[in-house]
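In this note's numbering, the protein residues as written are 9 to 244.
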């Protein structure tokens with residue numbers, strides 16, 4: 009379900025597996041937060057744990073939990089002021105309307121629990137991205153969200169005609185999808201970068217599950233973007 013990547017006296021960074029719900033699911037069992045909280049208590053005698061941000065059930069990758077209330081408040085301010093840089097990796101089999109740039113617009117609820125991107129800009133979701141050809145008619149996307157809307161990245165790629173491979177909502181609603189089901193939803197929280205109490209932290213975690221992530225071409229491309237904060241990102 010998860011593994012510990014790093015921890016300090018104030019926070020712990022974990023790697024979440026795909027298809028794991030953040031919250032408890034009744035008869036289906038304890039969710040990620042409950043599992044991490046129990047593990048930290050049993051293994052490290054950490055008596056309190058605060059969720060700082062969340063990932064969709066389909067999304068794997070890096071997550072932060074605060075170990076005390078004061079740290080949770082600091083992280084809350086960092087996230088509110090967009091001082092925590094987040095980077096994601098996604099794969100699509102569709103040719104996008106543009107290969108890099110900015111995706112911006114308000115988001116509104118659509119059908120079947122989905123959202124859609126609007127042309128209005130009252131409270132927009134903002135996402136920068138690069139894409140790379142990785143063979144087999146697939147493209148790897150490096151995504152940098154500047155807001156934290158529900159389904160933001162899934163909606164962003166769908167809006168440029170490149171829904172995420174294996175996405176049970178947004179890829180499935182397109183007219184043409186893969187003949188065989190994908191072995192996972194290809195969205196992964198790849199990197200985190202922030203300054204906490206005067207110290208800079210950088211965490212990078214390549215995906216380790218998913219046939220398309222693990223091809224030689226894809227792994228070589230991921231290796232070239234191990235410091236995504238240093239790239240020349242499209243203008244906001």
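We put the CB at the ideal spot given by N, CA and C, even for glycine.
Short of 7 angstroms in beta carbon distance, which residues of its chain neighbour residue 114, apart from the five on each side in sequence? Order them along the chain. Same-chain partners within the cutoff: 126, 128, 129, 130, 131, 132.
Could you spell out the range, first to last residue, of the beta strand (DSSP E) harbouring residue 84? Run containing residue 84: none in the beta strand (DSSP E); it sits in the alpha helix (DSSP H), 77-88.
Touch check for the stretch 157-169 and the stretch 47-55: three-plus C-beta pairs under 8 angstroms? The stretch 47-55 and the stretch 157-169 do not touch, with fewer than three beta-carbon pairs separated by less than 8 angstroms.
Pick helix, strand or coil for residue 212, following the three-state DSSP scheme. Looking at residue 212 - three-state DSSP - the assignment turns out to be strand.
So, using beta-carbon positions, are residue 142 and residue 99 closer together than 9 angstroms? The answer is yes: Cβ separation under 9 angstroms.
Straight-line CA distance for residue 203 to residue 21? Their Cα atoms are separated by approximately 14 angstroms.
Expressed to the nearest angstrom, what Euclidean distance is found between the alpha-carbon atoms of residue 77 and residue 61? About 15 angstroms.
Using C-beta distances below 7 angstroms, list every residue in its chain close to residue 107, excluding the 5 sequence neighbours before and after it, in chain order. In the same chain as residue 107, and ignoring 5 residues on each side of it, the C-beta atoms closer than 7 angstroms to its own belong to 139, in chain order.
Between residue 87 and the rest of its own chain, which residues show a CB-CB distance below 8 angstroms, the 5 nearest in sequence each way excluded? These residues qualify, in order along the chain: 60, 61, 156.
For the stretch 222-229 and the stretch 188-199, state whether three or more C-beta atom pairs, one from each stretch, are separated by less than 8 angstroms. No, the stretch 222-229 is not in contact with the stretch 188-199.
Please check the pair residue 97 and residue 211, which I expect to be a contact at CB under 8 angstroms, by giving their CB distance rounded to whole angstroms. At roughly 14 angstroms, the Cβ-Cβ gap does not stay under 8 angstroms, so residue 97 and residue 211 are not in contact.
Straight-line gap, residue 177 to residue 122 (C-alpha atoms, nearest Å): Residue 122 has its alpha-carbon roughly 7 angstroms from the corresponding atom of residue 177.
By alpha-carbon positions, which one of 237, 26, 36 ends up nearest to residue 152? Looking only at 237, 26, 36, the smallest Cα-Cα distance to residue 152 is reached by 237.
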